[in-house]
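> Residue numbers (our numbering): 103 to 223. In this text, a Cβ means the ideal position worked out from N, Cα and C, and glycines have one as well. The model shown is predicted, which means the values in this text are computed figures rather than measured ones. Before I ask anything, here is the structure I am working with.
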Amino acid sequence: VFLDAKGEGDDVAVLELTPKAGDEESFFQSVRIYMRGERLLPYRIRLKTDAESEVVIEVADYRVNAPIDQSKTQFLVPEGTLIVDNGAPIETVGRGGKWIPETAPLAQTPTVQGPGQENPK
103 VFLDAKGEGD
113 DVAVLELTPK
123 AGDEESFFQS
133 VRIYMRGERL
143 LPYRIRLKTD
153 AESEVVIEVA
163 DYRVNAPIDQ
173 SKTQFLVPEG
183 TLIVDNGAPI
193 ETVGRGGKWI
203 PETAPLAQTP
213 TVQGPGQENP
223 K
């Protein structure tokens, strides 16, 4: 459902997502995504977890499809951590931990350029 973005500016859209009625296992009550500009890039995400709690994520300094250092896309899971996928345990991390993803190949050339720049040929 798109909401009124009153007070956020003329070029802002707010999309609210809610779990299906009767979904007892939902981890949140609602998510509001605040988007700006012609490309509707999200700049704020408001996640309401229950009546008293919410998480707000502010996003700034966009670089659309810019190259990313592979090391910034990985994280080290500590030794002894149980990795679960869709509720099923799949492995316990061994000695020294585990990098996830193990490899993260990324294109070196962006596929879409920012405003005022030409697309690669």
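Tell me Y136's beta-bridge partners as DSSP assigns them.
In the sequence shown, residue 136 corresponds to position 34, counting from 1. In the DSSP output, where bridge partners are listed per residue, Y136 has V116 and R146.
> Near P191, which residues of its chain fall below 8 angstroms by C-beta distance, leaving aside the five closest residues on each side in sequence?
For this step, residue 191 is matched to residue 89 along the sequence shown. Counting only Cβ-Cβ distances below 8 angstroms, and skipping sequence neighbours, we find L184 and I185.
> D202 lies in the beta strand (DSSP E); which residues open and close that run?
Taking the first residue of the sequence shown as 1, we reach residue 202 at position 100. Note that residue 202 corresponds to Ile in the displayed sequence, not to Asp. Taken as a continuous stretch (DSSP letters only), the beta strand (DSSP E) holding I202 covers K200 to I202.
> Could you say which of D171, E204, R146 and G111 lies nearest to E118 if we only look at CA atoms?
Stepping through the sequence shown from its first residue, residue 118 is reached at position 16. Checking every option, the nearest Cα to that of E118 belongs to R146.
> Assuming F129 contacts K150 under a Cβ cut-off of 8 angstroms, what Cβ separation, rounded to an integer in Å, is found between them?
On the sequence shown, position 27 is the one that residue 129 refers to. On the sequence shown, position 48 is the one that residue 150 refers to. At roughly 11 angstroms, the Cβ-Cβ gap does not stay under 8 angstroms, so F129 and K150 are not in contact.
> If you check the beta carbons only, do Q172 and I202 fall under 8 angstroms apart?
Position 70 of the sequence shown, counted from the start, is the residue given in the question as residue 172. Position 100 of the sequence shown, counted from the start, is the residue given in the question as residue 202. Not closer than 8 angstroms, so no.
> P121 and I135: beta carbons closer than 8 angstroms?
Here residue 121 refers to the residue found at position 19 when the sequence shown is read from its first residue. Here residue 135 refers to the residue found at position 33 when the sequence shown is read from its first residue. The answer is no: Cβ separation not under 8 angstroms.
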